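Enquirer:
There are 2 protein chains.
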Amino acid sequence: MARAVFYHAGCPICVDAEQVVLEYLDKAKINPEIVHLGTERNRIEDAEKAGIKSVPALVIDQNVYHINYGASLEDVKNG
Amino acid sequence: MARAVFYHAGCPICVDAEQVVLEYLDKAKINPEIVHLGTERNRIEDAEKAGIKSVPALVIDQNVYHINYGASLEDVKNG
Chain A
1 MARAVFYHAG CPICVDAEQV VLEYLDKAKI NPEIVHLGTE RNRIEDAEKA
51 GIKSVPALVI DQNVYHINYG ASLEDVKNG
Chain B
1 MARAVFYHAG CPICVDAEQV VLEYLDKAKI NPEIVHLGTE RNRIEDAEKA
51 GIKSVPALVI DQNVYHINYG ASLEDVKNG
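Taken in sequence, the protein lines are chains A and B. In terms of the numbering used here, the first sequence is numbered consecutively and its last residue is 79. In terms of the numbering used here, the second sequence is numbered consecutively and its last residue is 79.
1) Could you name the residues that DSSP lists as bridge partners for A9(B)?
2) K29(B) versus chain A: which residues are under 8 Å apart at the beta carbon?
3) Residues of chain B with CB closer than 9 Å to the CB of A17(A), please, in chain order.
4) Give a yes or no on whether 8 Å exceeds the smallest Cβ distance from V5(B) to chain A.
5) Of the residues C11(B), V21(B), V64(B) and I67(B), which one's Cα is nearest the Cα of D75(B)?
6) For E18(A), which residues from the same chain have a beta carbon less than 8 Å from its beta carbon, with the 5 sequence-adjacent residues on both sides left out?
7) By the three-class DSSP mapping on this structure, what secondary structure does N31(B) have?
8) Determine the contact status of L73(B) and K53(B), defining contact as a CB-CB distance below 8 Å.
9) Which residues in the same chain as D61(B) place their Cβ atom closer than 7 Å to its Cβ, once the five residues preceding and following it in sequence are excluded?
10) Considering just the uninterrupted stretch of the alpha helix (DSSP H) at I44(B), what are its terminal residues?
11) So is A82(B) buried or exposed if we call it buried at 16+ other beta carbons inside 10 Å?
12) So what does DSSP say about L143(B), is it helix, strand or coil?
13) What are the boundary residues of the beta strand (DSSP E) that L58(B) is part of?
14) According to DSSP, which residues form a beta bridge with V139(B)?
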């Protein structure tokens with residue numbers, strides 16, 4: 001199973017993307033951890049190291065997929 | 001089943017996103033049509049009407065999910 005993390009910050013665009021991730025990904029192949037960077041602030045560094053520039057974003061193994069644009073990671077860091 | 005279309009233009013970022021769409025979406029729930037706007041130019045208008053600003057992008061029902069950024073739709077139109 002691929003290691004996957006979905007990072008968001010609770011924004012409306014984040015919530016919308018999360019619905020798709022939860023609804024349509026094949027749970028037999030991928031079951032992403034959901035991380036709210038607004039509340040789990042100790043994960044911001046992980047997100048940054050993974051190459052995330054904005055949220056929402058889905059990381060699958062080493063690959064980052066930014067899905068639409070809710071907020072920059074800088075905004076999340078400063079918020 | 002949700003109606004879904006994955007629009008791309010053959011760019012490296014498009015191909016990478018297409019792999020995720022083909023590999024990880026639950027085919028029992030969603031089975032997107034794959035449209036290459038570089039070759040299927042008669043579909044560009046559909047993409048524009050759907051609200052697509054760049055490729056790669058996945059449309060599920062009426063919702064557009066831009067996945068990373070390969071090229072703007074304007075570039076695709078002018079290419």
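Backbone N, C-alpha and C define an ideal beta-carbon position, used for all residues, glycine too. It should be emphasised that the depicted structure is a prediction, and the values quoted were computed from it without experimental measurement.
Expert: Reading off the structure:
1) Taking the second sequence and counting its residues from 1, one reaches residue 9(B) at position 9. According to DSSP, which records beta bridges pairwise, A9(B) is partnered with nothing at all.
2) By one-based count along the second sequence, residue 29(B) stands at place 29. The contacting residues are E23 and Y24.
3) Taking the first sequence and counting its residues from 1, one reaches residue 17(A) at position 17. Simply Y65.
4) Here residue 5(B) is taken as the residue at index 5 of the second sequence, counted from 1. By the rule that beta-carbons nearer than 8 Å mark a contact, V5(B) does not touch chain A.
5) Sequence index remark: in the second sequence, residue 75(B) carries index 75 (1-based). That would be C11(B), whose Cα lies nearest to the Cα of D75(B).
6) For the purposes of this step, residue 18(A) is taken as residue 18 along the first sequence, with counting starting at 1. Contacts found: F6, H8, I34 and P56.
7) In the second sequence, counting from the first residue as 1, residue 31(B) sits at position 31. Here N31(B) carries a coil assignment [DSSP, helix/strand/coil].
8) Locating residue 73(B) in the second sequence gives position 73, where the first residue counts as 1. Locating residue 53(B) in the second sequence gives position 53, where the first residue counts as 1. In this structure, K53(B) lies closer than 8 Å to L73(B) by Cβ.
9) As a first step, residue 61(B) must be located in the second sequence, where it is residue number 61. Within the same chain, D61(B) has close Cβ partners A2 and R3.
10) Translated into positions along the second sequence, residue 44(B) becomes position 44. Counting along the chain, the alpha helix (DSSP H) containing I44(B) begins and ends at I44 to A50.
11) The structure shown does not extend to residue 82(B), since chain B is modelled only from 1 through 79, so no value can be given for it.
12) Outside the shown range of chain B (1 to 79) lies residue 143(B), about which nothing can therefore be said.
13) Your numbering for residue 58(B) matches position 58 in the second sequence. Run containing L58(B): S54 to I60, per the beta strand (DSSP E) assignment.
14) Since the displayed chain B opens at 1 and closes at 79, residue 139(B) lies outside it and no answer follows.
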